[in-house]
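Undergrad: Numbering (the working numbering), first residue to last: 21 to 142. The following block contains the structure, expressed as structure tokens.
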């Protein structure tokens, strides 16, 4: 499991995909590096309600899993997709301590691996 702390940028409504499946997507801005990163997450099933009391601009700590899958089109083209499936969203701030005593902007060491200098090529 990975964790990421940041600010909620986008909070979408819950989507009822089928009779038995629903999801809710949201975007968190991670400003801990040289350049802010907007990361898209999804909550599914009963977890969609975790965003009910969270608003745009709120600081959150997100615990999530990386999921990958293969899809073959009718034309035979193979594509790969990734999703960040959220296990838990914790609202931070307003006196709430950061999880595990970490600063609010810290991520767990295994969350992302920086490759070289992250400067833009122009």
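Ideal Cβ positions, reconstructed from N, Cα and C, are used throughout, including at glycine. Here the structure is a predicted model, which means the values were calculated and not measured.
Roughly how many angstroms separate the alpha carbons of residue 75 and residue 101, rounded to a whole number?
TA: One-based indexing of the chain shown puts residue 75 at position 55. One-based indexing of the chain shown puts residue 101 at position 81. Computed Cα separation, rounded: 28 Å.
Undergrad: Beta-carbon within less than 7 Å of residue 29's beta-carbon, same chain only, minus the 5 sequence neighbours each way: which residues are those?
TA: The residue given as residue 29 occupies position 9 in the chain shown. Closer than 7 Å at Cβ, skipping near neighbours: 47, 48, 49, 58, 76.
Undergrad: Where does residue 70 sit, in a helix, a strand or coil, going by DSSP?
TA: Within the chain shown, the letter at position 50 stands for residue 70. Helix at residue 70.
Undergrad: Using DSSP bridges, identify the partner residues of residue 91.
TA: Taking the chain shown and counting its residues from 1, the one referred to as residue 91 is at position 71. According to DSSP, residue 91 bridges with 99.
Undergrad: Using CA coordinates, which residue listed in 111, 25, 94, 64 is at the minimum distance from residue 6?
TA: Nothing can be reported for residue 6: it is not among the residues displayed for the chain, which extend from 21 to 142.
Undergrad: Do the segment 83 to 94 and the segment 37 to 47 make contact, defined as three or more Cβ pairs closer than 8 Å?
TA: no
Undergrad: If you count every other CB in all the chains shown that lies within 10 Å of the CB of residue 26, and 16 or more means buried, which is it?
TA: As a working note, residue 26 is residue 6 in the chain shown. The residue is buried, with at least 16 neighbouring Cβ atoms inside 10 Å.
Undergrad: Return the chain-ordered list of same chain residues with a C-beta closer than 8 Å to the C-beta of residue 56, the five sequence neighbours on each side being excluded.
TA: Residue mapping note: residue 56 aligns to position 36 of the chain shown, counting from 1. Excluding residues within five positions, the ones whose Cβ falls inside 8 Å are 49, 50.
Undergrad: Taking C-alpha atoms, which residue in 82, 95, 98, 32 lies nearest to residue 112?
TA: Here the question's residue 112 lines up with position 92 in the chain shown. It is 82.
Undergrad: Taking only three categories from DSSP, how would you classify residue 27?
TA: Start at 1 with the first residue of the chain shown, and residue 27 comes out as number 7. In the structure shown, residue 27 sits in a strand (DSSP, three-state: E or B).
Undergrad: Can you give me the C-alpha to C-alpha distance between residue 44 and residue 109, rounded to a whole angstrom?
TA: The residue you call residue 44 lines up with position 24 of the chain shown. The residue you call residue 109 lines up with position 89 of the chain shown. Going from the Cα of residue 44 to the Cα of residue 109 covers about 12 Å.
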